[in-house]
Structures are given as C-alpha cells and as structure tokens.
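Participant: Residue numbers (this note's numbering), protein chains in the order written: chain A, 1 to 325; chain B, 326 to 650.
Number of protein chains: 2
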Amino acid sequence: MNHSPKMLSSDLIHEARARISPFVHRTPVVTSRSFDEAAGRQVFFKCENLQRAGAFKMRGATNKIRSLSNEELRGGVVAFSSGNHAQAVALAARDAGTRAVIAMPTDAPRAKVAATRGYVAEVVFYDRQRDDRAAFAREIADREGLTMVPPYDDYLIMAGQGTCALELFEDVGDLDALVTPCGGGGLFAGASTAAKGTNPQVRCFAVEAETADDTRQSFVKGERVCIPPPPTVADGMRNQSPGALTFPVLQQNAEDVLLVSDVEIVEAMKFLLFRLKLLVEPTGAAAAAAVLFNKLPPDVERVGVIISGGNVDPSTLAQLISQEV
Amino acid sequence: MNHSPKMLSSDLIHEARARISPFVHRTPVVTSRSFDEAAGRQVFFKCENLQRAGAFKMRGATNKIRSLSNEELRGGVVAFSSGNHAQAVALAARDAGTRAVIAMPTDAPRAKVAATRGYVAEVVFYDRQRDDRAAFAREIADREGLTMVPPYDDYLIMAGQGTCALELFEDVGDLDALVTPCGGGGLFAGASTAAKGTNPQVRCFAVEAETADDTRQSFVKGERVCIPPPPTVADGMRNQSPGALTFPVLQQNAEDVLLVSDVEIVEAMKFLLFRLKLLVEPTGAAAAAAVLFNKLPPDVERVGVIISGGNVDPSTLAQLISQEV
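(1) So with CB distances below 8 Å, who are the chain B contacts of Val30 (chain A)?
(2) Since Ala268 (chain A) meets chain B, which of its residues come closer than 7 Å, beta carbon to beta carbon?
(3) Just reading off the alpha helix (DSSP H) that Val497 (chain B) is part of, what are its end residues?
(4) Could you check what DSSP says for Val339 (chain A) in three-state terms: helix, strand or coil?
(5) Would you kindly work out how many angstroms separate the C-alpha atoms of Leu393 (chain B) and Met473 (chain B), rounded to a whole number?
(6) Under the three-state reduction of DSSP, which class applies to Ala446 (chain B): helix, strand or coil?
(7) Which of the residues in the stretch 144-172 of chain A, read from start to end, lie with their CB under 9 Å from any CB of chain B?
(8) Alpha carbon to alpha carbon, what distance is there between Ala559 (chain B) and Ala534 (chain B)?
(9) For chain B, check one thing: does any of its Cβ atoms lie closer than 8 Å to the Cβ of Leu273 (chain A)?
(10) Quick one: grab the DSSP three-state call for Gln576 (chain B).
(11) Look at the Cβ atom of Glu48 (chain A), then the Cβ atom of Ser322 (chain A), and state whether they are nearer than 8 Å.
(12) My guess is that Val585 (chain B) and Lys620 (chain B) are in contact by the Cβ rule of under 8 Å, so how many angstroms apart are they, rounded?
(13) I'd like the list of long-range same chain contacts for Val628 (chain B), defined as Cβ closer than 8 Å, with 5 residues on each side in sequence excluded.
(14) What distance in whole Å lies between the Cβ atoms of Gln576 (chain B) and Phe544 (chain B), which are believed to be in contact at a cut-off of 8 Å?
(15) By how many angstroms is the C-alpha of Ala459 (chain B) removed from the C-alpha of Val305 (chain A)?
(16) Could you give the DSSP three-state label for Met429 (chain B): helix, strand or coil?
(17) Sort A:Gly160, A:Ala268 and A:Arg275 by Cα distance to Leu320 (chain A) and report the nearest one.
(18) Going by DSSP, what residue range makes up the beta strand (DSSP E) through Ala79 (chain A)?
(19) Candidates B:Arg344, B:Pro347, B:Arg351 and B:Ser359: which alpha carbon is nearest Phe596 (chain B)'s?
(20) Should Val656 (chain B) go down as buried or exposed, given a rule of 16 or more other Cβ atoms within 10 Å for buried?
(21) Quick one: which chain A residues come within Cβ less than 7 Å of Gly635 (chain B)?
(22) Per the DSSP calculation, Tyr451 (chain B) is bridged to which residue(s)?
(23) Counting contacts by CB-CB distance shorter than 8 Å, is Ser322 (chain A) in contact with chain B?
(24) So who's on the other strand from Ala177 (chain A), going by DSSP bridges?
(25) Does any CB atom of chain B fall closer than 8 Å to the CB of Leu296 (chain A)?
(26) Sort out for me which residues DSSP pairs Glu208 (chain A) with in a bridge.
(27) Work out the CA separation of Val101 (chain A) and Val124 (chain A) for me, nearest whole Å.
(28) With distances taken Cα to Cα, identify the nearest neighbour of Asp11 (chain A) among A:Ala254, A:Ser241, A:Val312 and A:Met158.
(29) Verify whether the separation of the beta carbon atoms of Arg453 (chain B) and Asp432 (chain B) is less than 8 Å.
(30) Hey, how far is the Cα of Ala288 (chain A) from the Cα of Ala111 (chain A)?
(31) What's the gap between the Cα of Ala16 (chain A) and the Cα of Thr116 (chain A)?
(32) Among the residues of its own chain, which have a CB less than 8 Å from the CB of Ala364 (chain B), if the five just before and after it don't count?
(33) Beta-carbon within less than 8 Å of Met326 (chain B)'s beta-carbon, same chain only, minus the 5 sequence neighbours each way: which residues are those?
(34) Over the uninterrupted beta strand (DSSP E) stretch that includes Pro370 (chain B), give me the two end residues.
(35) Taking a contact to mean a Cβ-Cβ separation below 8 Å, would you say Gln161 (chain A) touches Gly197 (chain A) in this structure?
(36) So that I know if they touch, is there some Cβ in chain B lying closer than 8 Å to that of Val325 (chain A)?
Take a look at the structure:
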C-alpha cells in the first residue's frame, strides 16, 4: 500500500473514502429555513460535529493510520495536539488496535486531556515555552519507534478530510459554492479538491477568524506568512501560518479567504445551537458565520457549509451563551 | 377529504406521511458508539429536535391543518399551548396560508410568546387561575369561526406524530424496541402504531418523569387517573392525565410505562449535548434517559429512541449545564 503519496488528487480522496468508511460516520446534511431566511441563500450544513470524536479530524487520522504498513502499525503512532486532532488520533489508533502517544502542552485544558486518555491514549506533556513541540514529538517517535500523524501537512490526512465533501455533494447534488473553516488548511485542501473533482466550476472559500488571519495574509501576499500567536475564541484557528503542503492547494482552489469576527462566530454558534439544535464549537461555526454575516459574493445561491466540529466543554459553553442572555 | 377519522391505524399514518412530507423535515437518525457503550445496547436516535419548529409537533399540526376543508382553512385555526404545539400550529398554519390564533397563559415565558409570534400567529392570553382554557379556546373558536387543533387527542394529530417512526424503521430496519417520551400521549400512540404496523412484535415503551406519572398510574390501574399539577424539569410532561383517545392506544401498544428522575433527564440531556452534540430539551431527553439508566428489560438489544424536541432557552440551558460544571 502506498502510504506516502506525493500529491493530493480526487482519486486519493475516493481511495480514502473506501478505506475509512467502516470506521467513520456518514454524517447528516442538515438544512434550516430560518437560517436560509436569515442568510438569504440556500445552505446545506455538513455536520462533522456529529462525526466520531466530535470533528472531521477522525477522517484524516483514520485514513493515515489505516494506510500504515503492518510494521508501522505494530510500533504505534504519535501526534502533538491539544485539540480535536489528539482525540481523533487516539480513537483511530484504538480502532486499529495500535498504540497512540499524544504530546500535549502542560497547560492543556484538563477536559481535553481526560477525553484523550478516555480513548486509551498515553498523554505526554511538553512545556510550551521551553520545548520545540515538533522536535519533542520527533524525539519520542524516534526513541519509541512511533510513526508521526501530522495534523494537516500530509496528503493522506488531507484526503481523509476531503471525504466529507464527497458525501455532501452526493447528498445534495450540485452547489454554487463550498465554504469551510480554515486552521492549518487540511480540511479546506481536501474538501475543495473533492468539490472541484465533482464540479470544476464550484467556488471554494476558506474562512478564518479576523484576528487569526495567517492564511488570508498569505493568500493575498502569495506566500506563506507567519503571524504572532493569534487571540481568538476559535481555538482550532490559533496556528500561526498555513501548512507548507496545504497552502499551495489553497492557492489553487480558493476563490477567496474570508474573515469573520469573534462576535460573529459566537452569534453563528448560538444560531446553530438554539435554532438548529446543533452544538458547534467556535471554530466549527466560522464558515456558517461567514454565510450568516454575508461575506460571500452576492451571486452565490446554493452553498455547502462544513460544520467542522462540536467539542466545547460545559463551562465554556455556559459562558458563551450567557453573554447575551 | 375525510378529516375526522374514527380510529388510528397504520394506513392513517401512511396517508399522513404522504400529506405532510413536502412540509416537514425527514429528520436524521443518529447513532453514537459512546452512548451505546454507556447504555449497553445499540441505540438509534430519531432526531425530532431537528424537525421544523424544533419538535415532532410539526408533523401532527401539519397533518391536521392540511386535512381541513377549504372552508375551514379560510376560517383559520386556534390552539391552546405555551409549548411546542403552539409554535408548530403557528408555523403549519403559516405554511398553509391560514390564520392561527394561539391561546397562552398570561404567565407563559416571554421567549415562547415571541417565538410563536415570530411565526405570524396571533397570541391571546388567558388567566391560568381564573379561566378554563378549553372553554376559553372554544369560545374564541366559535366567535371567530376557527377550527381547533388539539395537542394530542385527535387521530389526525396522532397519525402525523407517528410518521417519525415510519421513517426510523425505514432507515434502520427492524428493531427490538421503540421508546418515546410521553406527555399527553400523542407521540407514543402514533409512533407505536406505526412501529407495530411494520413489525407486530416490536416492544413499545413510553417514558414519563417520575413526578409526572399520570400515564404510569393510569396504565397500572387500567383507567385514566388525574394527578395534581406535576413539578418536573420536563415541561412537556406537565399534563395531569393521559388523553381520552390516546390512552386506549397506549393500553393496547405499550409493554410498560417507564419512569426517570429529573436528575436522570438532565444527565441524559448533557450526554446528548456534549457527546452527541445535539441540543435536546428535558422532555425530549426522557426516552434517552430511560435507556441510559437501564430501565429497559435486559433482552432488548436494538432500540429506537425518539428525541422529541430541542426547544430550550439560553438562560435555562446555561443553568442546567452549570449545575455540575
């Protein structure tokens, strides 16, 4: 099995889909007339918050781990993440009967650590100030014979993430546009490639929080830009630059990178929660916010929106929904 | 069109489905391995919290209103409710281009009044202490030429509610058991009749809050019992007795009426919110609570659970999820 493809293609995404479908949910597509009225467009939400482990990350992690050689599988995997990627790698590894080591910062939220351990992963801690996390994880990988599962900069990861867009187009037919949240860019790279494979004319938009606009700046400048650690409620968008492998795909597929404010993100989150009854984390609501607050070109009518995840802890949720109660 | 059928049948539910399908969502069925592990069974959630107007009530209201004669439709409809039935009748009437008057108690929550008015319904108030609400609504109906849309004691209403179980069985195949929340009994009557029409052996269970056990008491005694106004977090279960028409159907179809505590309901609600990412109102989580807290007979393996609604206001939700944070 070829587990180090050298580019992302529609075929790679179709292969990913065949590989992962026994292990991931085919998530529902939800529509809402009240959202459509508020947004002035016809919107189809692909609900990856209802995915196993609560986010689309399960798709990429499963595709990567299920592509390993038997020898690699016997050795186990390692990932560094305090977010949804950690839980996805832990769960996908458990499914595959292999060992997972997750490197998290010492100040990671206890709920995330507990959730990751709940999937039988070993959690090791690094000091965010003192340690270079990539070097830290590579050292563990070398010492213990583990294979790294990167969060986005890997074509098998991107291909796995892209499978959600294949399902969306199958369920709803053609669309004018596809809108996804954008952190490191793995979801956008995979989903836009899948969408263009279905219809080369479909218009693809990535969405970032306006204070975490590393991809926007890079897109405008035409090369990868690194920004200081960005403050935003969307904790899945706190990366400082787009990926080396994801960014060229974004340059090729994105019509634009749209920005939304934290207030718009929280408003969209509340709309999705109280009107559509879906718990969506701030990052997961960013693409919906871009549609709700009219950031798309006026001639886009039928639009697919990826709701990327739903992992929020109770205290954070109580705080966010109480702000305007 | 015969709009006053004299009994509930599987055929009536199939007719209802054909009549209402352009106007209601075919809601998704969601599964969760973590719920299954916690419950020790294989559970299929029919997500009526994702229905239009946030609850299964949209099905019955639409079936009733779409069965009216042209003359009745010209006159408009009236309902008395401060809950999900109010919003469903308001929205179904708006869809059908007819007038809706909703009678609510003067102390109804402002959010519910606003939501109902949002669907262009006229809201009139009655005094819960002073007025007999049925007489009050009948007087309005007579005076203004409106047709009453009752909340549950009507075969067209029950047939509409039952369509959710038809869809569930179509999506997941055969089940050992079907579990639904039970307020006035319209949902249970319709859903159990639909289920038995698909497979006469399927075991049907209704679930009540233990402080609101009018149906449980009636089921045990073999006749309708009236209890004092029951205190429970499940506001859709605060009725004092089962319906005159729904109760005989329940007697025929129910294997048992199960009870869950308010604490169990809130725990189930939190599980559904933070693990399955679904906002479910307390009443809507009662059947899930019965499965999660092991109230079913041990030999039930594949079980369908109706999540009946998801209308919770932000302040109530913040309060409920903060209790154990």
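The C-beta atom is built at its ideal place from N, Cα and C for all residues, glycine as well.
Quantities reported herein were computed from a predicted structural model and do not represent experimental measurements.
Facilitator: Concretely, from the data shown:
(1) Here residue 30 (chain A) refers to the residue found at position 30 of the first sequence. Per Cβ cutoff of 8 Å: Pro353 and Leu375.
(2) Taking the first sequence and counting its residues from 1, one reaches residue 268 (chain A) at position 268. Those do not exist, as Ala268 (chain A) stays about 15 Å from chain B at its closest Cβ, beyond 7 Å.
(3) Translated into the one-based positions of the second sequence, residue 497 (chain B) becomes position 172. That run of the alpha helix (DSSP H) goes Tyr480 to Val497.
(4) Here chain A has residues from 1 to 325 only, and residue 339 (chain A) is not among them.
(5) Along the second sequence, one-based indexing puts residue 393 (chain B) at 68. Along the second sequence, one-based indexing puts residue 473 (chain B) at 148. Taking the straight line from one Cα to the other gives about 11 Å.
(6) Walking along the second sequence from the start, residue 446 (chain B) turns up at place 121. Of the three classes helix, strand and coil, the one that applies to Ala446 (chain B) here is coil, per DSSP.
(7) none
(8) The residue given as residue 534 (chain B) occupies position 209 in the second sequence. The residue given as residue 559 (chain B) occupies position 234 in the second sequence. In this structure, the straight-line span from the alpha carbon of Ala534 (chain B) to that of Ala559 (chain B) is close to 7 Å.
(9) For the purposes of this step, residue 273 (chain A) is taken as residue 273 along the first sequence, with counting starting at 1. True, the Cβ-Cβ gap to chain B drops below 8 Å.
(10) What you label residue 576 (chain B) is simply residue 251 of the second sequence in a count that begins at 1. Three-state result, Gln576 (chain B): helix.
(11) For the purposes of this step, residue 48 (chain A) is taken as residue 48 along the first sequence, with counting starting at 1. For the purposes of this step, residue 322 (chain A) is taken as residue 322 along the first sequence, with counting starting at 1. Result no, Cβ atoms of Glu48 (chain A) and Ser322 (chain A) do not sit closer than 8 Å.
(12) Taking the second sequence and counting its residues from 1, one reaches residue 585 (chain B) at position 260. Taking the second sequence and counting its residues from 1, one reaches residue 620 (chain B) at position 295. That pair is a contact at about 7 Å.
(13) Position 303 of the second sequence, counting from 1, holds the residue named residue 628 (chain B). Around Val628 (chain B): Arg366, Gln367, Val368, Phe369, Leu500, Asp501, Ala502, Leu503, Val504, Val616 and Leu621.
(14) Position 219 of the second sequence, counted from the first residue, corresponds to residue 544 (chain B). Position 251 of the second sequence, counted from the first residue, corresponds to residue 576 (chain B). Indeed they touch by this definition, with Cβ atoms about 7 Å apart.
(15) Translated into positions along the first sequence, residue 305 (chain A) becomes position 305. Translated into positions along the second sequence, residue 459 (chain B) becomes position 134. Taking the straight line joining both Cα atoms gives about 45 Å.
(16) Walking along the second sequence from the start, residue 429 (chain B) turns up at place 104. Strand.
(17) Sequence index remark: in the first sequence, residue 320 (chain A) carries index 320 (1-based). Selected option, being the one with the closest Cα: A:Ala268.
(18) Here the question's residue 79 (chain A) lines up with position 79 in the first sequence. Val77 to Phe80 is the span of the beta strand (DSSP E), which, as asked, contains Ala79 (chain A).
(19) Looking up residue 596 (chain B) in the second sequence gives position 271. The alpha carbon of Phe596 (chain B) has as its nearest neighbour, out of B:Arg344, B:Pro347, B:Arg351 and B:Ser359, the alpha carbon of B:Ser359.
(20) This structure cannot settle anything about residue 656 (chain B), because the visible part of chain B is limited to 326 through 650.
(21) For the purposes of this step, residue 635 (chain B) is taken as residue 310 along the second sequence, with counting starting at 1. Near Gly635 (chain B) (Cβ distances below 7 Å), the residues of chain A are Lys277.
(22) Within the second sequence, the letter at position 126 stands for residue 451 (chain B). Residue pairing by DSSP puts Tyr451 (chain B) in a beta bridge opposite B:Pro430.
(23) Start at 1 with the first residue of the first sequence, and residue 322 (chain A) comes out as number 322. Taking Cβ atoms only, chain B reaches closer than 8 Å to Ser322 (chain A), which makes this a yes.
(24) Along the first sequence, read from residue 1 onward, the residue named residue 177 (chain A) stands at position 177. Ala177 (chain A) has A:Arg203 and A:Val303 as its beta-bridge partners, per DSSP.
(25) Indexing the first sequence from 1 puts residue 296 (chain A) at position 296. Chain B, which has no Cβ nearer than 8 Å to the Cβ of Leu296 (chain A), makes this no.
(26) Here residue 208 (chain A) refers to the residue found at position 208 of the first sequence. Answer is A:Leu259.
(27) Residue 124 (chain A) sits at position 124 when you count from the first residue of the first sequence. Residue 101 (chain A) sits at position 101 when you count from the first residue of the first sequence. Cα-Cα distance, rounded: 7 Å.
(28) Counting from one through the first sequence, the residue named residue 11 (chain A) turns up at place 11. Among A:Ala254, A:Ser241, A:Val312 and A:Met158, the Cα nearest to that of Asp11 (chain A) is on A:Met158.
(29) One-based indexing of the second sequence puts residue 453 (chain B) at position 128. One-based indexing of the second sequence puts residue 432 (chain B) at position 107. Contact flag set, yes.
(30) Here residue 288 (chain A) is taken as the residue at index 288 of the first sequence, counted from 1. Here residue 111 (chain A) is taken as the residue at index 111 of the first sequence, counted from 1. Each residue's CA atom was taken as its position, placing Ala288 (chain A) and Ala111 (chain A) some 26 Å apart.
(31) Translated into positions along the first sequence, residue 16 (chain A) becomes position 16. Translated into positions along the first sequence, residue 116 (chain A) becomes position 116. Roughly 24 Å between the two C-alpha positions.
(32) For this step, residue 364 (chain B) is matched to residue 39 along the second sequence. The residues are Val616, Leu617 and Asn619.
(33) Sequence index remark: in the second sequence, residue 326 (chain B) carries index 1 (1-based). Below a pLDDT of 50, predicted positions are generally treated as unreliable, and Met326 (chain B), at 46, falls in that range; the measurement from the model is reported next regardless. Closer than 8 Å at the Cβ level, and outside the excluded window around Met326 (chain B), lie Ser392 and Ser394.
(34) In the second sequence, the residue the question calls residue 370 (chain B) occupies position 45. Inspection of the sequence shows that residue 370 (chain B) is occupied by Phe rather than by Pro. Counting along the chain, the beta strand (DSSP E) containing Phe370 (chain B) begins and ends at Gln367 to Cys372.
(35) Taking the first sequence and counting its residues from 1, one reaches residue 161 (chain A) at position 161. Taking the first sequence and counting its residues from 1, one reaches residue 197 (chain A) at position 197. Contact: no.
(36) Start at 1 with the first residue of the first sequence, and residue 325 (chain A) comes out as number 325. Only weak support is given to the placement of Val325 (chain A): the predicted model assigns it a pLDDT of 37, under 50, and the value that follows is read from those uncertain coordinates. At least one chain B Cβ lies under 8 Å of Val325 (chain A).
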